[in-house]
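The numbering of the sequence shown is UniProt numbering, which starts it at 1 and goes up by one.
Think of the CB as a built atom: it goes at the ideal place given N, C-alpha and C, for glycine as much as any other residue.
These notes concern the structure reproduced below.
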Amino acid sequence: MSEKSRKIVEVLNGKTVSPPPLWLMRQAGRYLPEYRATRAEAGSFLDLCYSPELATEVTLQPIRRYGFDAAILFSDILVIPDALKRNVRFEEGHGPRLDPIDVDGILALKEDGVLDHLRPVIEAVGRIRGALPDETALLGFCGAPWTVATYMIAGHGTPDQAPARLFAYREPKAFARLLDMLADLSADYLVAQIDAGADAVQIFDSWAGVLGETEFADYALRPVRRIVDSVKARRPGARIIAFAKGAGLLLRSYRQETRADAIGLDWSVPLSFAAELQKDGPVQGNLDPMRVVAGGAALDTGVDAILQALGNGPLIFNLGHGITPQADPDHVTRLVARVRGETP
Ligand code: CP3
1 MSEKSRKIVE VLNGKTVSPP PLWLMRQAGR YLPEYRATRA EAGSFLDLCY SPELATEVTL
61 QPIRRYGFDA AILFSDILVI PDALKRNVRF EEGHGPRLDP IDVDGILALK EDGVLDHLRP
121 VIEAVGRIRG ALPDETALLG FCGAPWTVAT YMIAGHGTPD QAPARLFAYR EPKAFARLLD
181 MLADLSADYL VAQIDAGADA VQIFDSWAGV LGETEFADYA LRPVRRIVDS VKARRPGARI
241 IAFAKGAGLL LRSYRQETRA DAIGLDWSVP LSFAAELQKD GPVQGNLDPM RVVAGGAALD
301 TGVDAILQAL GNGPLIFNLG HGITPQADPD HVTRLVARVR GETP
């Protein structure tokens with residue numbers, strides 16, 4: 001089967017596919033017992049990310065169980081700061097920790113060796129492609145520079161990214177340098193993923209929603225555009241999904257200004273507005289992950305509303321953000337059947 005006939009690629013090329021192809025953000029993860037078992041075997045979370053064999057295994061787990069239309073490479077957005085020697089750790093129950101970076105730290109960052117450090121991840125991409133069914137697309141990904149920078153500056157997750165917002169106002173030059181460096185490294189990393197067999201890539205800007213209008217232009221739009229331009233200049237056939245969580249009305253120009261092929265929508269985006277955005281090209285989303293936790297009527301009505309509003313245009317069905325550890329795996333079975341029109 002040629003790459004072109006993978007349904008998600010067709011949608012990314014602007015076609016309407018019915019029923020829409022689907023995958024779920026964070027589809028490999030702690031809600032799956034088989035993931036928890038492999039994770040325990042790996043030791044640390046980063047050991048799992050850097051083991052081509054185990055990363056391949058956990059990438060394939062949700063495909064075996066649910067037959068999603070795409071697999072997403074198992075890794076993390078923070079492997080780039082890890083490759084930049086920012087001492088990334090994932091502590092049980094605490095989320096990610098890094099050494100917080102300052103102006104001197106930014107000036108001292110070295111790009112050399114970053115792609116070498118990420119070689120096991122690229123090796124995993126090739127292995128996954130070799131093991132996937134022909135009809136299943138493989139997605140690569142990276143974090144958007146703004147979202148990655150928020151973790152590098154605070155040194156951990158925060159509810160509103162105040163440390164990074166403050167740093168950007170106080171040290172605009174150093175901050176711009178950090179974003180540019182992250183954009184250039186991310187572009188190289190995505191090109192390597194595409195060359196190893198990824199059909200398309202997603203750029204996750206999970207923290208776009210905390211930015212004001214001007215800052216959104218400078219810190220979300222501009223660096224993502226830099227990545228898209230760089231990847232497409234080198235790999236013109238590359239297909240790119242840009243997900244700016246919480247961007248709201250700023251999504252109106254997000255596709256044109258980033259030149260991404262598709263835009264990801266979180267669940268706060270009204271379906272009427274999503275339908276407007278879909279007139280300009282493919283959209284992806286946007287079920288509230290809590291509907292998957294709840295199951296039953298909450299799940300069914302949420303799925304149906306998206307299919308009704310967006311099913312007649314180019315749509316990749318997905319959640320509005322990552323699936324959570326509390327989600328019941330059987331609810332995901334029900335979701336997949338519902339999207340595919342296979343429920344009685
Ligand atoms: O989607 C997939 O199945 C592929 C794997 C994937 C992970 N992280 C695995 C992971 C992807 C695409 C990511 C992206 C990611 N990582 C984002 C952007 C998407 C989003 O959810 O907003 C962000 C912000 C991160 C950073 C990160 N990694 C955080 C904040 C955390 C801790 C919170 C949490 O969900 O646990 C992680 C850890 C992480 N990344 C886990 C997994 C499966 C859980 C760690 C574990 O198994 O111990």
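*Less than 8 Å separating the beta-carbons of Gly242 and Gly212?*
As a position in the sequence shown, residue 242 is number 242, starting the count at 1. As a position in the sequence shown, residue 212 is number 212, starting the count at 1. As written in the sequence, residue 242 is Ala, which differs from the Gly given in the question. Contact flag unset, no.
*asked:* Starting from Val303, trace the alpha helix (DSSP H) in both directions and tell me its first and last residue.
replied: Mapped onto the sequence shown, residue 303 falls at position 303. Per DSSP, Val303 belongs to the alpha helix (DSSP H) from 296 to 310.
*From the DSSP output, read off the bridge partner residues of Pro96.*
For the purposes of this step, residue 96 is taken as the residue at position 96 of the sequence shown. Partner(s): Phe90.
*Would you call the stretch 291 to 299 and the stretch 268 to 283 touching, i.e. three or more CB-CB distances under 8 Å?*
no
*Kindly examine ligand 1 and report whether one of its heavy atoms sits closer than 7 Å to the Cβ of His321.*
Walking along the sequence shown from the start, residue 321 turns up at place 321. Yes - ligand 1 has a heavy atom lying nearer than 7 Å to the Cβ of His321.
*Whole-angstrom Cβ separation of Ile306 and Leu287, contact assumed at under 8 Å?*
Sequence index remark: in the sequence shown, residue 306 carries index 306 (1-based). Sequence index remark: in the sequence shown, residue 287 carries index 287 (1-based). Indeed they touch by this definition, with Cβ atoms about 6 Å apart.
*Grab the span of the beta strand (DSSP E) containing Ile316 for me, first residue to last.*
On the sequence shown, residue 316 is found 316 positions in, with the first residue counted as 1. That run of the beta strand (DSSP E) goes 315 to 319.
*Should Ala40 go down as buried or exposed, given a rule of 16 or more other Cβ atoms within 10 Å for buried?*
Within the sequence shown, residue 40 is the residue found at index 40, counting from 1. Exposed, because fewer than 16 other Cβ atoms sit within 10 Å of the Cβ of Ala40.
*If you pair each beta-carbon of the stretch 187 to 203 with each one of the stretch 226 to 237, do three or more pairs fall below 8 Å?*
yes
*asked:* Using 8 Å as the threshold, is the C-beta distance between Val17 and Thr38 below it?
replied: The residue you call residue 17 lines up with position 17 of the sequence shown. The residue you call residue 38 lines up with position 38 of the sequence shown. Not in contact: Val17 and Thr38 (Cβ atoms no closer than 8 Å).
*Which of helix, strand or coil does DSSP assign to Gln278?*
For the purposes of this step, residue 278 is taken as the residue at position 278 of the sequence shown. Gln278: helix per DSSP, three-state reduction.
*asked:* So for residue 395, helix, strand or coil by DSSP?
replied: The shown model of the chain, from 1 to 344, leaves out residue 395, and the question about it has no answer.
*Any idea what DSSP makes of Ala247, helix, strand or coil?*
By one-based count along the sequence shown, residue 247 stands at place 247. Reduced to three states, the DSSP call for Ala247 is coil.
*So Gly209 and Ala247 are in contact, right, with Cβ under 8 Å, and what is the actual spacing, rounded?*
Against the sequence shown, residue 209 aligns to sequence position 209. Against the sequence shown, residue 247 aligns to sequence position 247. The Cβ separation is near 6 Å, so the contact holds.
*Using alpha carbons as the reference points, say which of Tyr66, Val269, Asp330 lies closest to Leu310.*
For the purposes of this step, residue 310 is taken as the residue at position 310 of the sequence shown. Selected option, being the one with the closest Cα: Val269.
*For Asp76, the nearest candidate out of Ala174, Ile153, Asp102, Ala55 (CA to CA)*: Locating residue 76 in the sequence shown gives position 76, counting from the first residue. Considering only alpha carbons, the answer is Ala55.
*May I ask which residues mark the beginning and end of the beta strand (DSSP E) holding Gln326?*
By 1-based counting over the sequence shown, the position of residue 326 is 326. Neither: Gln326 is in no beta strand (DSSP E) and is coded neither H nor E.
*Report the option in Gly130, Leu73, Leu178 whose CA atom is closest to the CA atom of Tyr151.*
Here residue 151 refers to the residue found at position 151 of the sequence shown. Among Gly130, Leu73, Leu178, the Cα nearest to that of Tyr151 belongs to Leu178.
*Counting pairs of Cβ atoms below 8 Å between the stretch 212 to 223 and the stretch 117 to 137, do you hit three or more?*
no
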